[in-house]
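> Sharing a structure below in structure tokens format, with a few things to ask.
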Amino acid sequence: MQEEELPRREREKLRQRREMLDAALKLFSEKGFHNVSMHEIARNAEFAIGTL
7 MQEEELPRRE REKLRQRREM LDAALKLFSE KGFHNVSMHE IARNAEFAIG TL
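Sequential numbering of the sequence shown, starting at 7, is according to this note's numbering.
And the structure:
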């Protein structure tokens, strides 16, 4: 199923997931996996820690 066919809520979930993963990958590449906290990922992605 293509993303355009998904309901708006599902598209929003996918967008948020991509933003979180992008933020995590960026931080991992800069600092290494073991040197990144969930709080840093949340802050970088501009989400509350509970959203992760």
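Glycine included, each C-beta is placed from N, C-alpha and C at the ideal position.
1. Around the Cβ of residue 47, are there at least 16 other Cβ atoms within 10 angstroms (buried) or fewer (exposed)?
2. So what does DSSP say about residue 51, is it helix, strand or coil?
3. Given residue 33, which residues of its chain have a CB within under 8 Å of its CB, disregarding the five upstream and five downstream residues?
4. Is residue 52 near residue 25, with beta carbons less than 9 Å apart?
5. Just reading off the alpha helix (DSSP H) that residue 34 is part of, what are its end residues?
From the atom records:
1. buried
2. helix
3. 42, 46, 47, 50
4. yes
5. 14–37
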